[in-house]
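So for the sequence shown, the numbering used here puts the first residue at 625; every next one is plus one.
Please read the structure below before turning to the comments.
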Amino acid sequence: MGAAGVRRHNLALVLREVADGEPVSRAAVAARTGLTRGTVSSLVEELLDGGLVTELAAARGGTGRPANPLQLNRSGPAGLGVEIGVDHVGACVVDLAGAVRAVRTAESDHRGRAPAVGLRTAAALAAEVIAEAGLAVVGATVALPGVVGPRGELQRAPNLPRWIDVPVTAELSGLLRGLPVGTGNEADLAALAELWCGGGPPDMLYVSGEIGVGGAIVLGGGLFRGAGGRAGELGHVVVDPGGPRCSCGGRGCLEQAAGQDALLAAAGATDVDDLLARQHDAVPAAAVDAAGRALGVALAGAVNLLDVPAVVLGGLYARLGTPLRDAVAAELDTRVLTSPPVDIRSSVLGADAALRGAATSVVRALLQLPPAS
Ligand SMILES: [Zn+2]
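Dropping the structure here:
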């Protein structure tokens, strides 16, 4: 690594110390990083000039020159999260400290429409939240309900048959005036949000009830993506080999037993609100229990395979609360070999989890590798 590389590495080191310890003095940053005070002061000047950190008023007392504590600049660069779901779009701006500064969602059913329509709808909503937040958005991540390819394209989404190899990164960047755009699977980004913003444990399975069933695996505080980035497709784990045909081409997948459409049909409910209003009536309650049992069977296989101590339930599964969780727990208790029992919790982030993860991933990348000035 040349001198410029070393300086950039140290710049990132100092920025992360500020992020982790704010408000923090230059002396404390020097002590924690092992860098000299002179080096830290010079790097802090660069971070101040770049608008990444800001100085608070000096604390009184002590001798010598008062030290102005440092913190991340809440008015500095910001991250945009965009979500293109099966039947909705969302957009969210978070500041450098990860606080949500503007968020909007809207219904937008993409199942029968051309991808270009959904992309334009998402871009328009993104422009609205950027204007509302009033911050300098430096990048975006788009959460997508399917398999994302190496160039940021949506390769395949079982519930969006017209979205095949859609170049989401390039298209949305064009619609957002050249803003750098990345993409990710919505369940992966929701799981990262649980980890980063929701107090989620470093080893967990995340499973979210949507029109599809989203799943993600978090190991050692990071996503386990698998060889092709497709790991975590719990919705297409088979729970009934002779069961109904699935959108993936298989048969008896978890999605056909515990996905939103299957659950609504079994409960005799017209939509999610109807199901939630009547979930304690006999037929809906039995449907929720059966879905929870199927979910528990699939999760038990995954837990036995991966030895993860925690499961986080998101989306509709979080909203269904205790009855669903009890059914999942009953299956895990009898089928999982590990002890103590698996920690089963509901997401605390609600429907915005994937959006939060998408937006937060942008600012976390910036904190990991701040731009050289
Ligand atoms: Zn399937």
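Just so you know, even glycine gets a beta-carbon here, dropped at the ideal spot from N, CA and C.
Quick test of your reading: residue i and residue j, contact by CB under 8 Å. State the CB separation rounded to the nearest angstrom.
| i | j | result |
| --- | --- | --- |
| Val842 | Pro826 | 7 Å |
| Leu639 | Leu991 | 6 Å |
| Gly833 | Leu940 | 3 Å |
| Pro785 | Gly770 | That pair is no contact at about 11 Å. |
| Val792 | Val766 | 6 Å |
| Ala726 | Val753 | 4 Å |
| Val986 | Gly763 | 5 Å |
| Gly867 | Gln880 | 6 Å |
| Pro994 | Ala636 | 6 Å |
| Gly981 | Ala817 | 3 Å |
| Asp898 | Ile835 | About 16 Å; that fails the 8 Å criterion. |
Please state the DSSP three-state secondary structure of residue i.
| i | result |
| --- | --- |
| Gln903 | coil |
| Glu834 | coil |
| Cys821 | helix |
| Asn928 | helix |
| Thr678 | strand |
| Glu756 | helix |
| Thr984 | helix |
| Leu749 | helix |
| Ala691 | coil |
| Ala996 | coil |
| Leu829 | strand |
| Thr657 | helix |
| Arg875 | strand |
| Leu800 | coil |
| Thr793 | helix |
At what residues does the beta strand (DSSP E) containing residue i begin and finish?
| i | result |
| --- | --- |
| Asp719 | It is not in any beta strand (DSSP E) - Asp719 carries neither H nor E in the DSSP assignment. |
| Gly703 | 702-708 |
| Asp957 | Taken as a continuous stretch (DSSP letters only), Asp957 belongs to no beta strand (DSSP E), being part of the alpha helix (DSSP H) at 946-959. |
| Ile808 | In the sequence as displayed, the identity of residue 808 is Gly instead of Ile. Per DSSP, Gly808 belongs to the beta strand (DSSP E) from 805-809. |
| Thr765 | 761-768 |
| Leu937 | 934-939 |
Among the options, which one has its Cα closest to the Cα of residue i?
| i | options | result |
| --- | --- | --- |
| Val966 | Arg631, Tyr830, Ala855 | Tyr830 |
| Ala811 | Gly823, Glu777, Glu857 | Glu857 |
| Gly846 | Ala814, Thr745, Gly866, Gly874 | Ala814 |
| Val960 | Pro933, Asn634, Arg980 | Pro933 |
| Ala989 | Val664, Ala715, Ala702, Leu680 | Ala702 |
| Gln695 | Cys872, Asp644, Arg632 | Asp644 |
| Leu929 | Ser699, Met828, Leu888, Arg980 | Met828 |
| Gly883 | Ser649, Leu944, Ala926 | Leu944 |
| Ala915 | Val907, Leu948, Ala926 | Leu948 |
| Thr958 | Val927, Gly776, Ala750 | Val927 |
| Ala681 | Ala691, Val668, Gly674 | Ala691 |
| Ala889 | Val912, Cys872, Ser871 | Val912 |
| Ala746 | Gly822, Gly736, Asp711, Asp719 | Asp711 |
Where do the ends of the alpha helix (DSSP H) carrying residue i lie?
| i | result |
| --- | --- |
| Leu858 | Looking at the DSSP string, Leu858 is not in any alpha helix (DSSP H), and its letter there is neither H nor E. |
| Asp967 | From DSSP, Asp967 is part of no alpha helix (DSSP H) but of the beta strand (DSSP E) over 967-970. |
| Gly645 | 627-645 |
| Arg775 | Where Arg775 is concerned, there is no enclosing alpha helix (DSSP H), given that its DSSP letter is neither H nor E. |
Is the Cβ of residue i closer than 8 Å to any Cβ of chain D?
| i | result |
| --- | --- |
| Cys716 | Within the model displayed, chain D is absent; a lone protein chain is all it includes. |
Exercise. Give a yes or no on contact between the region 789-798 and the region 958-976, applying the rule of three or more CB pairs nearer than 8 Å.
Key: no
Quiz item: Just checking, does the region 853-868 make contact with the region 971-986 on the three C-beta pairs under 8 Å criterion?
Solution: no
Quiz item: Touching or not, the region 703-715 and the region 646-659, by the rule of three or more beta carbon pairs under 8 Å?
Solution: no
Exercise. Could you tell me whether the region 855-874 touches the region 921-932, using the rule of 3 or more Cβ pairs below 8 Å?
Key: yes
Practice problem: Can you list the residues near ligand 2, meaning Cβ strictly closer than 6 Å to any non-hydrogen atom, in the order they appear in the chain? | Solution: Judged by which ligands are present, ligand 2 is missing from the structure shown, whose ligands are ligand 1.
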